[in-house]
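Heads up: the sequence shown begins at 259 in the working numbering, then just goes up one per residue.
Read the structure below first, then the notes.
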Amino acid sequence: MQFRRRWIAAVMLMAAGMAVGAQALPASAVGVNLAQAAHDLETLKPEQAPSIKDDIVKGAKGLEVAALNDYAKAVCEAMEPLLASKKQSTAINAMMAIVELKALDTDATLERAVGNANPAVRYWAVKGLGADGIMPRVRDVGGGTLGNAVAALNKQMKVETSIIIQMQIIKALVSAEDTAALAEGLSSLSEKWVDAAPDTTMLATATAGIDKLKELVSGKKLNEKVELAALTAMGHLMSLAAQHELAKTTNDGPVPAADHAALVLLMKSGAAMGAEIAKVELKPTFGFREVPKESMEIDQLYLMVNDLAGSPNVPGDLQKSFPKVALPPAIKSNK
259 MQFRRRWIAA
269 VMLMAAGMAV
279 GAQALPASAV
289 GVNLAQAAHD
299 LETLKPEQAP
309 SIKDDIVKGA
319 KGLEVAALND
329 YAKAVCEAME
339 PLLASKKQST
349 AINAMMAIVE
359 LKALDTDATL
369 ERAVGNANPA
379 VRYWAVKGLG
389 ADGIMPRVRD
399 VGGGTLGNAV
409 AALNKQMKVE
419 TSIIIQMQII
429 KALVSAEDTA
439 ALAEGLSSLS
449 EKWVDAAPDT
459 TMLATATAGI
469 DKLKELVSGK
479 KLNEKVELAA
489 LTAMGHLMSL
499 AAQHELAKTT
509 NDGPVPAADH
519 AALVLLMKSG
529 AAMGAEIAKV
539 ELKPTFGFRE
549 VPKESMEIDQ
559 LYLMVNDLAG
569 SPNVPGDLQK
579 SFPKVALPPA
589 IKSNK
């Protein structure tokens with residue numbers, strides 16, 4: 259089914275420009291002239307863009323699944339060229355028109371838009387692929403449909419500079435419920451923490467990702483590559499977060515209490531996820547020798563992380579149980 263959908267989309271994209279928007283549409287959408295809507299989004303005043311977008315979305319009201327997907331294909335063809343517009347109101351409302359349809363057959367357009375040069379477009383594209391968008395449908399279809407979606411998200415995660423979009427990508431990967439894809443996304447996130455210190459919200463996002471990994475790996479035998487990626491991401495995230503807090507405390511005094519509490523939660527979740535994998539692999543009991551507490555100073559928490567996840571120079575219990583897990587890198591700055 260996935261290949262057939264892709265073939266149909268390719269044929270439509272080879273048709274004559276935005277004229278597709280004027281083709282016969284499902285009954286409840288016949289009053290929507292998509293070619294005109296696209297023209298208006300580009301030429302009318304920015305304050306008129308939201309109402310144009312709303313009219314496009316209203317065209318999908320009451321459509322059955324098949325008819326909705328037909329309409330969505332036409333909307334995507336009419337709106338996608340506008341995603342490159344230099345006019346911010348045009349690009350954003352064109353993207354939102356696609357996202358708000360929540361139609362499965364917007365997936366290819368959303369996947370391309372995840373890498374758009376405009377960060378606002380990227381943000382909405384990722385949202386469109388996430389739990390509040392089409393990911394539940396993508397997950398149900400599975401196969402190549404799910405594979406293409408998570409591949410697009412992870413490709414962008416490797417190069418994404420916006421912290422807000424990074425968090426949205428992790429949330430979308432959590433909703434995909436794909437162990438390998440989520441482990442890859444968290445690994446990419448950990449690489450970004452080498453330079454940039456995570457704030458409370460980012461720490462919470464990483465913790466939610468690790469909690470989902472724990473759920474996904476529980477009781478399962480993983481292939482070596484996925485297992486290694488999951489354990490490495492867990493260890494590096496914990497170590498880098500602790501390194502940043504220690505550096506901030508040393509240089510600037512205590513960090514906000516919320517950041518400290520978020521680090522403790524990340525540590526607990528990381529240890530729990532690692533314990534699930536160790537249990538299946540029949541490794542020695544895996545966890546902190548003492549339960550991390552918010553009342554503990556960062557110096558003590560940092561040493562606990564080193565004992566479990568390793569430091570940049572010395573292996574921890576993680577590397578002793580799983581020798582292929584790399585030592586965590588040292589932070590390069592304290593932004």
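We put the CB at the ideal spot given by N, CA and C, even for glycine.
message: According to DSSP, simplified to helix, strand and coil, what is Ile589?
response: Secondary structure of Ile589 (DSSP, three-state): coil.
message: Using the Cβ count rule (16 or more neighbours within 10 Å means buried), how would you classify Asn351?
response: With 16 or more Cβ atoms within 10 Å of its Cβ, Asn351 is classed as buried.
- request: Inspect the CB distances between the stretch 479 to 489 and the stretch 512 to 522 and report whether three or more fall short of 8 Å.
  value: No, the stretch 479 to 489 is not in contact with the stretch 512 to 522.
message: Between which two residues does the alpha helix (DSSP H) holding Lys472 run?
response: Segment 458 to 475, the alpha helix (DSSP H) holding Lys472.
field: Simplified DSSP state of Gly532, which is helix, strand or coil
entry: Residue state, collapsed to three classes: helix.
- request: Using alpha carbons as the reference points, say which of Ile392, Leu368, Glu300 lies closest to Tyr381.
  value: Of the candidates Ile392, Leu368, Glu300, the residue whose Cα lies closest to the Cα of Tyr381 is Leu368.
task: Can you give me the Cβ contacts of Ala330 inside the same chain, cut-off strictly under 6 Å, excluding the 5 residues immediately before and after it?
output: Counting only Cβ-Cβ distances below 6 Å, and skipping sequence neighbours, we find Leu359, Ala361, Asp363, Thr364.
- prompt: What do you reckon, are the CB atoms on Gly545 and Leu559 nearer than 9 Å?
  reply: No, the pair does not count as a contact, with Cβ atoms beyond the cut-off.
- request: Pull up the distance between the alpha-carbon of Glu442 and that of Ala336, whole angstroms please.
  value: About 34 Å.
field: Reduced DSSP category for Ala336 - H, G, I as helix; E, B as strand; rest coil
entry: Ala336: helix per DSSP, three-state reduction.
query: Hey, out of Thr301, Asp312, Ala318, whose CA is closest to Lys344's CA?
result: Answer by Cα proximity: Thr301.
- prompt: Mapping DSSP to helix, strand and coil, what is Leu359?
  reply: Leu359 falls in the coil class under three-state DSSP.
query: Is the beta carbon of Lys385 less than 9 Å from the beta carbon of Gln426?
result: For the pair Lys385 and Gln426, the CB atoms are nearer than the 9 Å cut-off.
query: Roughly how many whole angstroms lie between the Cα atoms of Leu461 and Leu498?
result: When rounded, the distance between both Cα atoms is 11 Å.
- prompt: In three-state DSSP terms, what is Leu521?
  reply: Helix at Leu521.
- request: Would you tell me roughly how many angstroms separate the C-alpha atoms of Thr490 and Ile422, rounded to the nearest one?
  value: Whole-angstrom Cα-Cα distance: 23 Å.
Which of helix, strand or coil DSSP assigns to Val323: In the displayed model, Val323 falls within a helix according to three-state DSSP.
task: May I ask you to report which of helix, strand or coil DSSP gives Lys493?
output: Note that residue 493 corresponds to Gly in the displayed sequence, not to Lys. Per DSSP, reduced to three states, the secondary structure at Gly493 is helical.
field: Anticipated Cβ contact below 8 Å, Gly467 with Val432, distance rounded
entry: About 6 Å; that satisfies the 8 Å criterion.
- prompt: At what residues does the alpha helix (DSSP H) containing Ala306 begin and finish?
  reply: Here the sequence assigns Gln to residue 306, which means Ala is not the residue at that position. That residue, Gln306, is in no alpha helix (DSSP H); it is neither H nor E in DSSP.
- prompt: What's the call for Leu341, buried or exposed, on a 16-neighbour Cβ count within 10 Å?
  reply: So Leu341 ends up on the buried side.
message: Just verifying my parser: in three-state terms, what is the DSSP assignment at Lys483?
response: Three-state DSSP puts Lys483 in a helix.
- prompt: If we ignore side chains and look at the alpha-carbon of each, how far apart do Leu585 and Leu480 end up?
  reply: When rounded, the distance between both Cα atoms is 21 Å.
- request: Within its chain, find whatever has a CB closer than 6 Å to the CB of Ala318; leave out the 5 residues flanking it on each side and keep chain order.
  value: Correct list, in chain order: Leu326, Tyr329, Leu359.
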